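The listed protein sequences correspond, in order, to chains A and B. Sequential numbering of the first sequence, starting at 1, is according to my numbering. Sequential numbering of the second sequence, starting at 216, is according to my numbering. The structure under discussion appears below in the form of structure tokens.
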Amino acid sequence: MIYSEYVLICIASPILLTLLFVKGSARRYALFFVIGMVVCLLSAYVGGFVQQVSGMDSNWVSIYASPVTEELMKMIPLIITLLLSAEKDSGLLPSGIALAAGFATFENCCYILSSGADELVFILIRGLSVGIMHIVSILILYLGLIMAERMYSRSLASIIGALSLSMTFHSLYNLLVSEPGMPSIIGFIMPTLTAVILYEPYRRLVPNLSDSYTE
Amino acid sequence: MISILISDAIELIHITLLTAFLINTIRRNPVIKSSTASLYVLGTVVYIASDLYWIVHLLIKNGETPSFSAVEIGIAGVFIFYGAAIHERMRPKQRFFKLTFPVVFAALFTLINTICWILWTSGVVRDTITGIAMGYFACVLAVRMEELELLKKEKRAQASLFTAVLMFLELGTVYTSGTLLLLLDIARYIFWFAGVLYFAVLVYKYVIAGKDIEKGLCSSFAFYLWSVFGLYLSAGTMYQVFNVILLFSMIAMFLAVRKEEGR
């Protein structure tokens with residue numbers, strides 16, 4: 001058993017301290033990185049609650065329920081930012097990516113602490129694929145929101161629709177990696193492959209991302 | 216086992232076809248300007264992802280059906296995106312639902328369908344999620360159909376009677392057995408196929424032969440929704456038949472969206 005809260009305090013403290021010394025996009029990135037870690041911890045709480053209520057085992061929860069709760073939790077800070085900030089959409093993406101990176105980092109930390117880190121190759125593959133998976137799911141969400149923005153408003157329908165896409169992607173990943181052998185291999189490759197496929201629509205829809213990040 | 220294989224094969228055809236539609240839509244329009252097309256593309260991507268998830272799930276878990284999975288979320292996303300694509304085209308005043316006849320009619324129809332699914336499969340959570348999303352899509356389509364006079368106000372009574380009898384037959388199949396069940400089963404499929412025929416005629420009239428883009432879009436999306444309703448209340452061979460009908464409705468939707476883009 002690990003005390004996730006202590007791990008969070010330990011990792012987040014130095015990053016939170018940096019907020020006093022950096023400004024602009026660097027501060028925003030650091031803040032969302034920490035938010036991502038907090039969201040990861042809260043998602044674990046929700047997952048535990050779902051497990052208690054449903055009476056299912058942890059394997060069932062990780063395959064079927066976790067993708068839904070995790071994506072929902074990741075989306076909440078993004079939606080709040082979107083509603084509170086008057087910035088253009090491109091400003092939201094770096095925050096989303098920081099959030100996803102923070103989420104993946106904390107998840108990897110907890111995984112390593114509970115399962116050990118004696119196999120470097122496996123840890124590398126897992127760490128990388130989890131990281132890319134969370135970033136890709138945020139990217140899917142973001143692209144969905146950008147495309148839906150062309151509607152008369154950022155309606156609830158478009159937000160829920162984009163959320164369902166990232167949940168389905170995350171669930172597919174969790175389902176594949178839950179099974180040893182070929183499904184796991186496909187699962188670990190899938191996020192990278194999706195990232196490559198998404199690059200083209202991403203480039204078309206967000207041509208000035210670099211500008212927004214050097215604001 | 217054979218049924219699962221056939222189902223898998225049809226799902227694979229769905230994925231292949233939808234992927235082709237998706238690539239075609241994106242290639243023809245490097246920057247998709249129409250919001251209807253954008254929402255159609257997003258809905259199709261979710262459709263492919265959830266279909267893919269289901270196939271992988273069937274293969275990995277040997278056909279086991281979970282009480283809740285990403286498929287329900289994905290399918291709900293598809294209905295929401297497709298619904299939003301039609302919602303987008305309504306007159307601004309109509310965009311906010313009022314308790315008009317089409318809204319009540321569509322909501323009731325979806326509600327009874329959802330009750331039937333729950334009685335049939337006992338999957339309360341998944342059927343409720345799907346039902347809510349489908350209800351939104353059905354309400355949007357019903358309002359839009361009346362707005363475009365695809366369903367005239369004078370025909371309200373006939374439409375209500377038709378669906379009421381259909382729902383009565385559906386509920387009847389849940390509580391009966393033996394010969395009566397067989398008779399009710401035959402009767403309900405006659406009604407479902409009458410609906411399929413009605414929407415197929417509309418699609419032919421407005422998408423294939425005609426040039427009315429708005430009516431074409433609405434009738435093709437309604438054809439798709441009707442096929443899904445029929446599919447969800449079917450089993451065995453009839454399920455596969457509706458799966459094939461669904462395939463045609465997808466082609467109709469793609470053609471309608473393509474016409475809308477080309478305008």
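Idealized CB from N, CA, C, for every residue including glycine. Please read all numbers here as calculations on a predicted model, not as lab measurements.
Beta-carbon proximity check, residue i vs residue j, cutoff 8 Å
| i | j | result |
| --- | --- | --- |
| L141(A) | S166(A) | yes |
| F103(A) | C40(A) | yes |
| M465(B) | L237(B) | no |
| D177(A) | F169(A) | Reading the sequence as shown, one finds Val at residue 177(A) and not Asp. Not in contact: V177(A) and F169(A) (Cβ atoms no closer than 8 Å). |
| V472(B) | T251(B) | yes |
| A264(B) | L172(A) | yes |
| I301(B) | F436(B) | yes |
| V261(B) | G127(A) | no |
| S4(A) | C110(A) | yes |
| M37(A) | T105(A) | yes |
| F408(B) | N328(B) | no |
| T388(B) | F324(B) | no |
| F352(B) | G298(B) | yes |
| D223(B) | I290(B) | no |
| E369(B) | I428(B) | no |
| T320(B) | S253(B) | The question names Thr, but residue 320(B) is Phe in the sequence shown. It is not a contact, given that the beta carbons lie outside the stated cut-off. |
| V256(B) | T234(B) | no |
| I185(A) | I135(A) | no |
| R306(B) | E364(B) | no |
| C354(B) | A322(B) | yes |
| I288(B) | S164(A) | yes |
| L92(A) | L78(A) | yes |
| S434(B) | F457(B) | no |
| C331(B) | L448(B) | yes |
| M234(A) | P191(A) | This structure cannot settle anything about residue 234(A), because the visible part of chain A is limited to 1 through 215. |
| S114(A) | I2(A) | yes |
| T228(A) | V53(A) | Nothing about residue 228(A) can be read from this structure; chain A reaches only from 1 to 215. |
| L399(B) | L381(B) | no |
| S392(B) | G338(B) | no |
| R27(A) | S95(A) | no |
| R359(B) | F316(B) | no |
Residue range of the alpha helix (DSSP H) that includes residue i
| i | result |
| --- | --- |
| Y390(B) | R371 to Y390 |
| M56(A) | Segment: none, M56(A) is in no alpha helix (DSSP H) and carries neither H nor E. |
| V411(B) | G393 to V418 |
| G181(A) | Note, G181(A): premise wrong, no alpha helix (DSSP H); not H, not E. |
| G102(A) | L92 to S115 |
| Y421(B) | Premise fails: Y421(B) is in no alpha helix (DSSP H) and is neither H nor E. |
| S435(B) | I428 to Y447 |
| K368(B) | Note, K368(B): premise wrong, no alpha helix (DSSP H); not H, not E. |
| E71(A) | S66 to L84 |
| L363(B) | Per DSSP, L363(B) belongs to no alpha helix (DSSP H) and is neither H nor E. |
| E5(A) | S4 to T18 |
Whole-Å CB distance - residue i paired with residue j, under 8 Å assumed
| i | j | result |
| --- | --- | --- |
| I138(A) | A100(A) | 4 Å |
| H272(B) | L175(A) | 6 Å |
| Y64(A) | S284(B) | 5 Å |
| L470(B) | V411(B) | Not quite, the Cβ-Cβ distance comes to about 17 Å (not below 8 Å), so this is no contact. |
| L356(B) | L440(B) | 6 Å |
| G258(B) | F296(B) | 3 Å |
| I112(A) | I123(A) | 7 Å |
| L31(A) | L19(A) | 6 Å |
Proximity test, residue i beta-carbon vs the ligand ZN heavy atom, cut-off 7 Å
| i | result |
| --- | --- |
| T194(A) | The model depicted lacks the ligand ZN and carries no ligand whatsoever. |
Curious, which full-length alpha helix (DSSP H) runs of at least 4 residues does the segment 272-349 of chain B contain? Runs of the alpha helix (DSSP H) inside the segment 272-349 of chain B: 285-302 and 316-336.
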